[in-house]
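> Read in order, the letters of the sequence shown are residues 0 to 287 in this note's numbering. We treat Cβ as the ideally placed atom computed from N, Cα and C, and that holds for glycine. Encoded as structure tokens, here's the structure I'll be asking about.
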Amino acid sequence: MARLSASYTNTVKFNVALKNIPDEMIVLNDSSNTLNFTMTTDGFEWMKYYIKTPSVEIDFKNEVKKADSLYVWSLSRGYAGINGQFNKDIVVKTINPDTLLFKVDINAVKTIPVIPNLNISYSPGYNVLNAIVAVPDSIKIIGPESLLSKINSIETKVLNRNAVNKPFSTQLALKLETLDSQINVKTKTVSINIKAEKFTEGTLSLPINIINVPNNVKVNYFPKTINLSYYTSLESYNTIDINDFEVVCDFKEHNSKSSYLTPKLIKSPKAIKTFRLHEQKIEYIISE
């Protein structure tokens, strides 16, 4: 026990483990990247170094710098990060070598959208108000530019649900098997949130405006109002206001061979899922 309590100075080899490597970089394996530490500590501390080869971390992003075609770690730049990994009972006297060289390949990085693959049916009177998106809605893929240029999106595995009538969330795996083996993807799954809720229908009578009428032209048209049916969630129903809608007919689209204009809804609240205009033709007469 007395011997273990005594202090000893020895040299031990540490393997180097890299952290914070940028996504687009691949550090080629090089077993020669080790560091020899000459340290003074007691026998209790030395025991753990003899059980297995220890390792020390190097922060690639902050401690390694590019020099020509190689990336270089130097003791002068990285000493604080190295020394901070040892407890106060260990005195690091020397570290050799004072420089490590890393060979790096550079890959391309591309962000692509995630497409949820959903096969969902709802109970009568239930639906979702907004489009269902994945969380995250996009992922990074890493690999050769020649392969990444051919990929514009990635789908999830299919989600099958029937007669949905309440909200739920789930995790879906991405279809990674559709990607080339040379492509690296860190995100493997995404979340899908289905906010199913009770829906109802409403009807409004809206004024029709004729736009883009020349100053020297007068247009009389009929009808002056139009009925619109809309589909919204029960929760949003009382928030729907007639002033949130606008229906127009564009005079620029008139045709001398036709006596009607087509009404279009150009403004509507986000709280409606679908709508239907009851009239598709607005009759008009031009008077110069």
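#1: Which residue marks the beginning of the alpha helix (DSSP H) containing S75, and which one marks its end?
#2: Give me, in chain order, the residues of the same chain whose beta-carbon lies closer than 7 Å to that of L100; leave out the 5 immediate sequence neighbours on both sides.
#3: Can we say the stretch 211–229 touches the stretch 138–157, given the rule of at least three CB pairs closer than 8 Å?
#4: State the CB to CB distance for the pair V15 and I57, rounded to an integer number of angstroms; the pair is presumed to be in contact (CB under 8 Å).
#5: One question on the structure: do F221 and E278 come within less than 8 Å of each other, judged by their Cβ atoms?
#6: Any chance you could list the beta strand (DSSP E) runs of at least 3 consecutive residues sitting entirely within the stretch 8–90, in chain order?
#7: Are the Cβ atoms of V157 and A195 separated by less than 8 Å?
#8: Measuring alpha carbon to alpha carbon, tell me which residue in W45, K12 and L227 is nearest T33.
#9: Going by C-alpha distance, which of D179, K187, V246 and I193 is nearest I210?
#10: So if DSSP puts S168 in a beta bridge, which residue, or which two residues, is it bridged to?
#11: The beta strand (DSSP E) spanning E282 covers which residue range?
#12: What distance in whole Å lies between the Cβ atoms of I111 and I138, which are believed to be in contact at a cut-off of 8 Å?
#13: Could you tell me the distance, in whole angstroms, from the CA atom of S122 to the CA atom of P206?
#14: The alpha helix (DSSP H) that contains L128, what's its start and end?
#15: Taking its Cβ as the centre, do 16 or more other Cβ atoms sit within 10 Å of N95, making it buried, or is it exposed?
#16: By the 10 Å Cβ neighbour count, where 16 or more other Cβ atoms means buried, how is T231 classified, buried or exposed?
#17: Would you tell me roughly how many angstroms separate the C-alpha atoms of A172 and K280, rounded to the nearest one?
#18: Could you compute how far the alpha carbon of S73 sits from the alpha carbon of T98?
#19: Just curious, the beta strand (DSSP E) that L276 is in, first and last residue?
#20: Starting from E234 and walking both ways along the alpha helix (DSSP H), at which residues does that stretch end?
If we stick to the structure as given:
#1: L74 to N82
#2: L69 and V71
#3: no
#4: 6 Å
#5: no
#6: 24–26, 33–41, 54–58, 63–66 and 69–73
#7: no
#8: K12
#9: V246
#10: N192
#11: I281 to S286
#12: 6 Å
#13: 35 Å
#14: Counting along the chain, L128 falls outside any alpha helix (DSSP H), and DSSP gives it neither H nor E.
#15: exposed
#16: buried
#17: 48 Å
#18: 5 Å
#19: I271 to L276
#20: Run containing E234: none; DSSP gives neither H nor E here.
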